[in-house]
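For any residue, its number in the numbering used here is found by taking its place in the sequence shown, counting from 1, and adding 202. Read through the structure below, which is laid out as structure tokens, and then see the notes.
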Amino acid sequence: MEWYYGLLFFVGGWVAFWGFLAIVNGVVRQVRGFTSKKYYGKHVLITGGSEGLGRELAAELVGQGSRVTIASRSEKKLKAAVEYISSICCAESASSLQSFTCDVTKENDVKNLVKFAKESFGPVDHVIACAGTALTGRFGERSMEDHRKSMDLNYFGALHAVYALVPDMMSRRSGSICLVSSGAALTSYIGYGAYSPSKYALRGLAEVLRNELKPYNIDVHIAYPANIESPGFAVEQLTKPEEAKAIEAGETHQPPEKVAKLMLHGLKMGDYNNYCGALEVGILGVFATGLTPRSNVFKDLLLYPLLFPIAFGTRTYWDWEVCRQRYRSETNS
203 MEWYYGLLFF VGGWVAFWGF LAIVNGVVRQ VRGFTSKKYY GKHVLITGGS EGLGRELAAE
263 LVGQGSRVTI ASRSEKKLKA AVEYISSICC AESASSLQSF TCDVTKENDV KNLVKFAKES
323 FGPVDHVIAC AGTALTGRFG ERSMEDHRKS MDLNYFGALH AVYALVPDMM SRRSGSICLV
383 SSGAALTSYI GYGAYSPSKY ALRGLAEVLR NELKPYNIDV HIAYPANIES PGFAVEQLTK
443 PEEAKAIEAG ETHQPPEKVA KLMLHGLKMG DYNNYCGALE VGILGVFATG LTPRSNVFKD
503 LLLYPLLFPI AFGTRTYWDW EVCRQRYRSE TNS
């Protein structure tokens, strides 16, 4: 039994060592938070800011003293968003909010948005590319046009905003970019054939920008929110396959105001990968982070071998669920 005790000693020592370093890293992060990025007095541009997460981000930032420009295709929704934010902020803060009707899939629209924002509130210090939609459904049920629409809004919509703002940020050697991706860009399964690729594309863009803009003191972040209780999520359910709903049955559903707070906390802490407080997304991040900066590398080293069996079991269950539903469908037909 000596080997048994030796193994326990080794595993216990390994866990204690990396656990201690993870705790130290966490404490350092909290201390760093006292001198972290502040948004007071800064100009923040948010695309997709008329509802859901974008609207709540705008409300939080206005409340923190930022000058905020929100953009959306719907003038009606923008007006409602401005009224909502103004109702929960003081009159002085509400005057620091403006809106602009813009279709981010059109490059000229975004150029006009940036021009308007700069003329009204000055140079844009931070941009949060939040505009997006989830087109769900079985791969064969979605047309090529659906795939193009998804890429146009989710990827090119963000690219247009970044492309219009980066030159000015480079000249000022200051600024930050946050691309709002999705947990579906860390792993994916049935029902997201038209959605996940557009969000994975944002991961590639963020990695390039993080490296290329480093010499210009421009921070780049990518956010991976989980399921958000929003009008868009309700629409998403209408075409989502039953297999996908079964897979997601135990997943976290967070209100947008909570996600906004957690996301801004991560941005202030300087996290490149921002998991917005969702446990399952954070676990996926342990495996999917790759060569990008980790918020707590020691925690990831500790958790990786412990989570590996869970990851294997989860993927096996997903495959089983899809095969089971297919078998039931064929049996009943």
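We put the beta carbon where it would ideally sit given N, CA and C, even for glycine.
Touch check for the region 363–378 and the region 412–424: three-plus C-beta pairs under 8 Å? They touch, by the three-pair rule.
Contact the region 405–413 vs the region 446–453: 3+ CB pairs below 8 Å: Verdict: no, contact absent.
By how many angstroms is the C-alpha of A331 removed from the C-alpha of Y519? About 34 Å.
Which residue marks the beginning of the alpha helix (DSSP H) containing T249, and which one marks its end? Annotation for T249: no alpha helix (DSSP H) segment contains it, though the beta strand (DSSP E) segment containing it runs H245 to T249.
The beta strand (DSSP E) with R269 in it runs from where to where? R269 -> beta strand (DSSP E) spans R269 to S274.
Nearest residue (CA-CA) to A386, options Y402, G468 and L299: The residue with the shortest Cα to Cα distance from A386 is Y402.
Determine, using beta carbons only, whether N356 and A333 come nearer to each other than 9 Å. Their beta carbons are under 9 Å apart, which means N356 touches A333 by this criterion.
Given this structure, state the Cα-to-Cα distance separating G515 from S378, to the nearest angstrom. When rounded, the distance between both Cα atoms is 38 Å.
What does a CB cutoff of less than 6 Å around E431 pick up in its chain, not counting 5 residues either side in sequence? So the qualifying residues of the chain are H455 and P457.
Beta carbon of H245, beta carbon of A319: below 9 Å? Yes, they are a contact pair.
For V190, which three-state DSSP category applies? Lying before the first or after the last residue shown, residue 190 is absent from the chain, which here runs from 203 to 535.
Only counting the same chain, and skipping five residues up and downstream in sequence, which positions put a Cβ closer than 8 Å to that of T237? Legend: pLDDT at T237 = 46, less than 50; position of this residue unreliable, value from coordinates given subsequently. Excluding residues within five positions, none has a Cβ falling inside 8 Å.
Of the residues N314, C292 and K308, which one's Cα is nearest the Cα of F302? Closest option to F302, judged by alpha-carbon separation, among N314, C292 and K308: N314.
Give the straight-line distance between the Cα atoms of C525 and Y397, rounded to the nearest whole angstrom. Answer to the nearest angstrom: the Cα atoms are 22 Å apart.
Three-state secondary structure (DSSP) of G256: Look at G256 here: in three-state DSSP terms it is helix.
Can you tell me which residues form a DSSP beta bridge with Y394? The partner list for Y394 (beta bridge, DSSP) reads G339.
Is DSSP giving A436 helix, strand or coil here? If DSSP states are grouped into helix, strand and coil, A436 belongs with the helices.
Hey, would you say N475 sits closer than 9 Å to H423, going by beta carbons? Result yes, Cβ atoms of N475 and H423 sit closer than 9 Å.
Let me make sure I understand the geometry here. Which of C292, G395 and V382 has the alpha-carbon closest to that of K351? Ranking C292, G395 and V382 by Cα distance to K351 puts G395 first.
What does the alpha-carbon distance come out to for the pair P511 and E523? When only Cα atoms are considered, P511 and E523 end up about 18 Å apart.
In this structure, how does DSSP classify G334 when only helix, strand and coil are distinguished? Three-state DSSP puts G334 in coil, outside helix and strand.
Please classify T303: does DSSP put it in a helix, a strand, or coil? Correct three-state label for T303: strand.
Rounded straight-line distance, which links the Cα of S297 to that of G324: In a straight line, the C-alpha of G324 is about 15 Å away from that of S297.
Contact between the region 282–290 and the region 338–346 (3+ Cβ pairs under 8 Å): These segments do not touch.
Measuring CA to CA, which of L381, H349 and R375 is closest to A363? Minimum Cα distance to A363 is reached at L381.
Does DSSP classify V326 as helix, strand or coil? Look at V326 here: in three-state DSSP terms it is coil, with no helix or strand label.
Buried or exposed by the 16-neighbour rule on C-beta atoms within 10 Å, applied to A446: A446 comes out buried.
Would you mind reading off the limits of the alpha helix (DSSP H) that contains D502? Annotation for D502: the continuous alpha helix (DSSP H) segment containing it runs V499 to N534.
Grab the span of the beta strand (DSSP E) containing A428 for me, first residue to last. No beta strand (DSSP E) contains A428, which DSSP labels as neither H nor E.
By alpha-carbon positions, which one of Y529, F489, Y506 and P427 ends up nearest to G468? Residue P427 is the option with its Cα nearest to G468.
Endpoints, alpha helix (DSSP H) assigned at Y286: E277 to I290 is the extent of the alpha helix (DSSP H) around Y286.
Run through DSSP, which three-state label would G554 get? Nothing about residue 554 can be read from this structure; the chain reaches only from 203 to 535.
For the alpha helix (DSSP H) containing P458, name the first residue and the last one. Note, P458: alpha helix (DSSP H), P458 to K470.
On the CB-based measure, 16 or more other CB atoms within 10 Å of its CB, does F358 come out buried or exposed? The Cβ neighbour count for F358, taken over all protein chains shown within 10 Å, is at least 16; the residue is labelled buried.
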